[in-house]
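Visitor: Provided herewith is a single structure, encoded as structure tokens, for subsequent inquiry.
4 protein chains.
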Amino acid sequence: MGRSGALFIGAGGYIATAVISGALALKKGLCAPVGMVTGLDGFAGLDLAAPEDIAFGGWEIRRSAPIENARNFFRGVQLPFDILPEIGPELTELQADIYEGVATNCGRAIEALAPALPAAPLKEQVRRLRADIRDFKKRNGVDTAVVVNLASTEPLLEMKPCHDTLKGFEQCIDGNRADDVRAGSLYAFAAILEGCPYINFTPSNSPLVPALVGLAGAEGVPVMGSDGKTGETLVKSALIPMFTARNLEVLSWEGFNILGNMDGMVLDDPENKESKLMTKDRLLGKALGYSPHSGVHIHYVPSLDDQKTAWNFIHFRGFLGAKMSLQFIWQGYDSILAAPLVIDLVRLSLYAKDRGEAGLMPHLASFFKAPLGVAEHRLGEQFAMLVDYCNARSKKR
Amino acid sequence: MGRSGALFIGAGGYIATAVISGALALKKGLCAPVGMVTGLDGFAGLDLAAPEDIAFGGWEIRRSAPIENARNFFRGVQLPFDILPEIGPELTELQADIYEGVATNCGRAIEALAPALPAAPLKEQVRRLRADIRDFKKRNGVDTAVVVNLASTEPLLEMKPCHDTLKGFEQCIDGNRADDVRAGSLYAFAAILEGCPYINFTPSNSPLVPALVGLAGAEGVPVMGSDGKTGETLVKSALIPMFTARNLEVLSWEGFNILGNMDGMVLDDPENKESKLMTKDRLLGKALGYSPHSGVHIHYVPSLDDQKTAWNFIHFRGFLGAKMSLQFIWQGYDSILAAPLVIDLVRLSLYAKDRGEAGLMPHLASFFKAPLGVAEHRLGEQFAMLVDYCNARSKKR
Amino acid sequence: MGRSGALFIGAGGYIATAVISGALALKKGLCAPVGMVTGLDGFAGLDLAAPEDIAFGGWEIRRSAPIENARNFFRGVQLPFDILPEIGPELTELQADIYEGVATNCGRAIEALAPALPAAPLKEQVRRLRADIRDFKKRNGVDTAVVVNLASTEPLLEMKPCHDTLKGFEQCIDGNRADDVRAGSLYAFAAILEGCPYINFTPSNSPLVPALVGLAGAEGVPVMGSDGKTGETLVKSALIPMFTARNLEVLSWEGFNILGNMDGMVLDDPENKESKLMTKDRLLGKALGYSPHSGVHIHYVPSLDDQKTAWNFIHFRGFLGAKMSLQFIWQGYDSILAAPLVIDLVRLSLYAKDRGEAGLMPHLASFFKAPLGVAEHRLGEQFAMLVDYCNARSKKR
Amino acid sequence: MGRSGALFIGAGGYIATAVISGALALKKGLCAPVGMVTGLDGFAGLDLAAPEDIAFGGWEIRRSAPIENARNFFRGVQLPFDILPEIGPELTELQADIYEGVATNCGRAIEALAPALPAAPLKEQVRRLRADIRDFKKRNGVDTAVVVNLASTEPLLEMKPCHDTLKGFEQCIDGNRADDVRAGSLYAFAAILEGCPYINFTPSNSPLVPALVGLAGAEGVPVMGSDGKTGETLVKSALIPMFTARNLEVLSWEGFNILGNMDGMVLDDPENKESKLMTKDRLLGKALGYSPHSGVHIHYVPSLDDQKTAWNFIHFRGFLGAKMSLQFIWQGYDSILAAPLVIDLVRLSLYAKDRGEAGLMPHLASFFKAPLGVAEHRLGEQFAMLVDYCNARSKKR
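Line by line, the protein sequences give chains A, B, C and D. Under our numbering, the first sequence has 3 at position 3, and the numbering climbs by one with no breaks. If you count the second sequence from 1, you need to add 397 to reach our numbering. If you count the third sequence from 1, you need to add 794 to reach our numbering. If you count the fourth sequence from 1, you need to add 1191 to reach our numbering.
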């Protein structure tokens, strides 16, 4: 495999900052690959790109220097400050690899973050994003680059027939029909056309519309999504099978999330929250096979910064009609949890591309809240799919 | 299959009372088979005995009428009182099937419950227990009866070479060496000799010593244990695989259990608590592959009665060294959770006996905190073992 | 003091049912006066009416027999069923003291509970309610009756100049201006005109408008409100002074309430929820002297029935800028907590009337989330006001 | 008032480090006086010494440089690292004011921290501690210095008649009876003899024995203790009055504390834990007036470092016998909570000494778990005692 790279949409956000800082810290031996699934022993047999050998870059709609982003992030997450000075010079250099992003039709909450962003016809935007990719690859001597969507959640895009076929989608672009696409679609389109594997780590539904998934398959490009499973939903997908295996009847499952990072701020807008709740709440009914009373609530609490705190109350009925409960309280740094998974997804996407795999990557289901094309919702079974994929390809076998 | 039965050691306790009341309520359509694993659709293909067709009885060291036990239980668990009057006559009749139990060498906490129990040579005790079994089977027209240990947890029995071989064990009995056996051993020995499948639902280690497991294999008797996995440990076995699958480093896992039933009272004696903590705490290191700081604490809080409340604090480390936490609070009625599993175990033991299976039943691992002869500790994988067993034997296949 | 009575608006609801059942159970020695503030030793010196000597009745817009309400209540709250049979006959007799209520302009959620309620001019409604009071008093030989509002929360009534003066208010009634009053105003008006002390135990703002508080003062009638402080807010008012006394800076205080009773169902309508959130959320800023980020959320979860469950997350800052947290989880039966306070308020209102006290009763501040005319919000100080009132009047002094 | 100072027993521990770092940070405007009770507006009228004008020093049995202690502390508590570099030079200079401590008869856990500490006759130890105090005062130009005990908790000292009178106590010292005193007694004796106000911020019972409290009164030296009320017990003292004011019956109050600092490590030894549990558990019965089932448990969990996490489960009974519960989870940095209170106590002790007050200072009750000579246990009332003291002496009055 040649030199590889990763381009992040939302390159100045907490997750991208954590990925880049973490990869640099790994390179210098300042931290261990904890939280990286591909760091588990079972993955040693795959010839995955080393995180420290990947070139990073991306797009950002806000003006902010990587070193400044890292400072805010390390403060917000209360990380040890002895790491930052060691990786400062590399973070400063990274500035050259950050391109100006697009925010077309992303809704008021996101557009408010970058009010002065110049508008351009959709076709021209796609052309520019493709040029950015080529520039990044050339400047960094990269053969294959993965594009990962880490941008704020967009409002839900209404699905229409035009999203089902490549022809329909191209007519949206060519006809400059900005209502039928969002920025997310443009990035995904550009990535696939440039042969870049594409990962949708957000709940936004505009990137991986059927037309683009089909294009990816045709062009030999692996893609996957949606919505990284980092916290509350991860715990849910571990607990639900317990209730089903014991034949306990879930009466109500109420989840309350409070968080204070940019993600929380954008999700505080009902327009954007709708996308998130779709991927978070859908899990329960599918996994249980019936629909108890349930709710997923997200509220913005600035003082928490990146420390997402979630309380779940699960009311269930057992033998002789007795009601019982399980509650959990999750306190995790969203970006710290997401970052190593992003590295995993980049490594596994590069690997798939290198082996000529194309279209959806169902073996990555365990990484997502709403895994495209996968009906299995139990965490254990999803993880087994990844292990099977790995074992089938492992050099040791 | 002919008529079948179940004999409970500790027949006046909450769990036995819940099993018997529940089976009667099921028979009269007063409750649903919620909480019974064998009530899941997948088990319809096995020809399992119907819970309402099983004759119940057992041994008890305290003097207490089944109807009185049920009254206390329904009050303690706050169950709807409209069930009890409907099943009262059957409960009263059950008195005839309760035999006087034995408490040999069970430690001060258990012996204090039945101070006037007459002593007898071990050999004589075994003989009497066997006679009880035959009497119960004859009187109820039962072909096969399962013996289930639902008694209070005994102090840990020190394992010696005499527990490894049948000859050694028989010398303990014949030589009346009461220090080397406990009541639990006598019941198990009697059950196996009478051809009764035996289930150790408690953490006591005196019943299924290697000598008796070997005897069961030789005599064509299925046996399994130990320690029913009903609450906190059930949740643990569902959550641990989440941490391993995500390569998150568990730093500390501290569990605090408070409960107020007879089980809690007996466990408040350090002598008896030791057995319990062995089966509860051992899980973590085995399942993780390393040993974080951990503790499992049990305290007797009478006002809670059967409502076990457990708080677990799980401290873990993620990417870039950040520390995070997951806490859960479990509030479940221990007996309500245990009872349907006991019915499952009775049904599956009867089935195994009927098919000529003998010795340990590893496919029942998911029911136990410390499944004998099974290294797998992930709940999902354990459940898959049961599903596989079921599918391989299902009439539909 | 002669014979006394209490009329409940919402006489078929859980709280009224708990009050009446509890008073009957107290009379028969089936329960202790736990939860009654006036049951504390310090109140022995006041000559308060005994709960068992008070005649109960009230209004209800739904058709439901008291005995049936009690059955639902005892089941929903999982109360011991041995009490109900003992008080059944008295509950059945109570039917005669339940009058048909009014629901004028109470919003869609409440009106949906009683779709067939006949409409009548406001003046006629007031006249009829007054007649009900006189009938109740006559039939039960009662000298003084307290009217207590236990009805579902109404939507917030927009305050206008007409609510400030008796003349303005009378013009609303006489002019049949149904938009400017709600049912709550009619009950309060009728009560005061009949010389009945009036307690607003709900957050509805239509009853104790300035015009009616003024009328009460002029007519020699004691009144007080609003919104009984039973659960989450009670805990808040106990904890807030801890933060102020320690000079700890509250950054965020987020409260999430889930409940499944009628109160919860009506509050699920945003129209009605607004009234509730006003009285719940207002406390924090007043008590702290500054306004941290805060939210109070209420969600209807039917399976919980009357068992309100509330999770509060309090984020605070201490020395050297360190962030810390306190969380609490409250699980209480709202009606069980409210009922003894209602008895307290009835007893203390009868006492005040008997002594010729009129208008607002600020010494009752500790009973309310939003005590009218009282700036003190610390629970300890509010309770001291009641103790002072009591000591000043105690016969022992 | 002249220049003032404070000498800490355990000067290298987290609390002393937090006090000293915090005072330096306050001086440089790097943090606000959050968490300091004397920072509240009401204290502006007292002429208290400014924290930044107090000279700090103390004793330590371990060899450790203040700057190194601060580095560990800032890392353990995840404090912003931008503060430390600013105060580094002053911390380095502080080394000169740290004297070698004594650990006589402090039990195995504490003695293990300083195995090589030279032994000396008790009389000689007292003489040396007095010389240290004089040296510190002279070198820093200090008129009055407060001695504050921040050392690890000692095992409980058995109280005997010799602790009741000065004569008896002096005979212990002169006769070198090391079994009847502990290091804590020696420090307190030396401090009082040198006219230094003395604060016992630990649960150890050896310092403020009746003989020494009497001596303090006679010598014109203010003293107070014991055991700073920083976390779980603080919350308890705020919540207990809520249950009493509402006449709710507390059935059980179970507290579980986990922590990972030096305090936690020493308390893990049962010998030392006994002292702590005495002051923590005693509160409940006194404050409620009856004794529910209760337990306070402390466990050492290293990964938590200074972040004490406490879960309390409070089971209570309300009207009609219904059982309900309140749980709280406290997550606070013990040292961060303690440090500003230590500054408060130093300021208020200096003030008391300056005004000629002597012996116990009951107005400081709100700062302690077990306030000497004070029966009041409600936080609100205790705080009112401090406010009254302050108002009576305020210059504005």
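All C-beta atoms in this analysis are idealised placements derived from N, C-alpha and C, irrespective of residue type, glycine included.
Give me the Cα-Cα distance between C/Gly901 and C/Asp1062, rounded to the nearest whole angstrom.
Guide: If I take the Cα positions, the gap works out to 13 Å.
Visitor: Once the 5 residues before and after C/Ala800 are set aside, which same chain residues still bring their CB inside 7 Å of it?
Guide: Excluding residues within five positions, the ones whose Cβ falls inside 7 Å are Ile848, Phe850, Ala939, Val940, Val942 and Val1140.
Visitor: Have a look at B/Cys593 and B/Thr630 and give me their C-alpha separation to the nearest angstrom.
Guide: Going by the C-alpha atoms only, they are around 28 Å apart.
Visitor: Taking C-beta pairs closer than 9 Å, name the residues in chain E that D/Pro1271 reaches, listed in chain order.
Guide: You won't find chain E in this structure, because its protein chains are A, B, C and D.
Visitor: What is the residue span of the alpha helix (DSSP H) that C/Val1044 lies within?
Guide: Premise fails: C/Val1044 lies in the beta strand (DSSP E), Glu1043 to Leu1053, not in any alpha helix (DSSP H).
Visitor: Please name the residues in the region 300-317 of chain A whose beta-carbon is closer than 7 Å to at least one beta-carbon of chain C, in chain order.
Guide: Flagged, chain order: Val301, Pro302, Ser303, Leu304, Thr309, Trp311, Phe313 and His315.
Visitor: Using a beta-carbon distance below 8 Å, is B/Glu629 in contact with chain D?
Guide: Judged by the 8 Å Cβ criterion, B/Glu629 is not in contact with chain D.
Visitor: Here's a check: name, in chain order, each residue in its chain whose Cβ is nearer than 7 Å to the Cβ of B/Ala719, leaving out the five neighbours to either side.
Guide: For B/Ala719, where only same-chain residues beyond five positions count, there are no Cβ hits under 7 Å.
Visitor: How should C/Tyr808 be labelled, buried or exposed, when 16 other C-beta atoms within 10 angstroms of its C-beta is the threshold for buried?
Guide: Buried, by the Cβ-count rule.
Visitor: Using a Cβ-Cβ cut-off of less than 9 Å, list which residues of the region 266-277 of chain A approach chain C; keep chain order.
Guide: The residues in question: there are none.
Visitor: Hey, D/Gly1226 and C/Phe1037: beta-carbon distance below 8 Å or not?
Guide: No. Outside cutoff.
Visitor: Secondary structure at D/Phe1265, three-state DSSP: helix, strand or coil?
Guide: Correct three-state label for D/Phe1265: helix.
Visitor: Around the Cβ of C/Gly1150, are there at least 16 other Cβ atoms within 10 angstroms (buried) or fewer (exposed)?
Guide: Per the 10 Å Cβ criterion, exposed.
Visitor: Give the residues of chain D in contact with B/Leu648, contact being defined as C-beta atoms less than 7 Å apart.
Guide: Here the neighbours are Ser1494.
Visitor: The alpha helix (DSSP H) spanning B/Ser401 covers which residue range?
Guide: Not the alpha helix (DSSP H): B/Ser401 falls in the beta strand (DSSP E), residues Ser401 to Ile406.
Visitor: Nearest by alpha-carbon distance to A/Lys137: which of A/Leu84, A/Gly58 and A/Pro302 is it?
Guide: A/Lys137 has its Cα closest to that of A/Gly58, out of A/Leu84, A/Gly58 and A/Pro302.
Visitor: So which residues of chain B does A/Ala16 contact, with C-beta pairs closer than 7 Å?
Guide: Those within 7 Å of A/Ala16 in chain B number zero; the least Cβ separation is about 13 Å.
Visitor: Check the DSSP bridge columns for A/Ile329 and list the partner residues they point to.
Guide: BP columns for A/Ile329 point to A/Trp311 and B/Gln724.
Visitor: Per DSSP, what kind of secondary structure is D/Gly1248 in: helix, strand or coil?
Guide: Strand, per DSSP.
Visitor: Of all Cβ atoms in chain C, is any one closer than 8 Å to the Cβ of D/Tyr1524?
Guide: By this cut-off, D/Tyr1524 is an interface position.
Visitor: Excluding five sequence neighbours on each side, which residues of the same chain lie with their C-beta closer than 8 Å to the C-beta of D/Phe1507?
Guide: Answer for D/Phe1507: Phe1434, Leu1439, Glu1440, Val1441, Leu1442, Lys1514, Met1515, Ser1516 and Leu1517, listed in chain order.
Visitor: Please report the distance separating the alpha-carbon of C/His1157 from that of C/Ala982.
Guide: C-alpha separation (whole angstroms): 20 Å.
Visitor: Please list, in chain order, the chain D residues whose beta carbon lies closer than 8 Å to that of C/Phe1177.
Guide: Ordered by position in chain D, the residues that pass the 8 Å Cβ test against C/Phe1177 are Pro1432 and Ala1436.
Visitor: Answer yes or no: do D/Leu1313 and D/Val1372 have a C-beta to C-beta separation smaller than 8 Å?
Guide: Against a cut-off of 8 Å, the Cβ pair of D/Val1372 and D/Leu1313 comes out as a contact.
Visitor: Going straight from the alpha carbon of B/Ile589 to that of C/Ala817, what length do you get?
Guide: If I take the Cα positions, the gap works out to 59 Å.
Visitor: May I ask you to list the residues that DSSP assigns as paired with B/Ala542?
Guide: According to DSSP, B/Ala542 bridges with B/Gly402.
Visitor: Count the other C-beta atoms from every protein chain shown that fall within 10 angstroms of the C-beta of C/Val813, then say buried if there are 16 or more, exposed otherwise.
Guide: Flag for C/Val813 reads buried.
Visitor: Identify every run of the beta strand (DSSP E) within the region 10-39 of chain A, keeping only runs that are complete inside it and at least 3 residues long; order them along the chain.
Guide: Listed in chain order, nothing qualifies, since the region 10-39 of chain A has no complete beta strand (DSSP E) run of 3 or more residues.
Visitor: Going along chain B in order, which residues have a C-beta closer than 9 Å to the C-beta of A/Trp330?
Guide: Residues of chain B passing the Cβ test: Met721, Ser722, Leu723 and Gln724.
Visitor: For the beta strand (DSSP E) that contains B/Val620, what are its first and last residues?
Guide: Start and end: Pro619 to Gly622.
Visitor: Can you give me the start and stop residues for the alpha helix (DSSP H) that A/Tyr290 sits inside?
Guide: A/Tyr290 -> no alpha helix (DSSP H), and no H or E assigned at all.
Visitor: DSSP three-state label for D/Phe1392, please.
Guide: Correct three-state label for D/Phe1392: coil.
Visitor: Judging by CA-CA distance, which residue of D/Asp1370, D/Ser1540, D/Asp1454 and D/Cys1581 is the nearest neighbour of D/Ala1300?
Guide: Of D/Asp1370, D/Ser1540, D/Asp1454 and D/Cys1581, the residue nearest in Cα terms is D/Asp1454.
Visitor: Any C-beta of chain D sitting closer than 8 Å to the C-beta of B/Ile695?
Guide: No, B/Ile695 lies away from the interface with chain D (no Cβ there is under 8 Å from its Cβ).
Visitor: Going by Cα to Cα distance, which pick from C/Arg971, C/Ser946, C/Ala945 and C/Glu948 is closest to C/Gly954?
Guide: Per the sequence presented here, residue 954 of chain C reads as Lys, with Gly not at that position. Taking only the C-alpha atoms, the option nearest C/Lys954 is C/Arg971.
Visitor: Could you check what DSSP says for C/Arg922 in three-state terms: helix, strand or coil?
Guide: It is helical.
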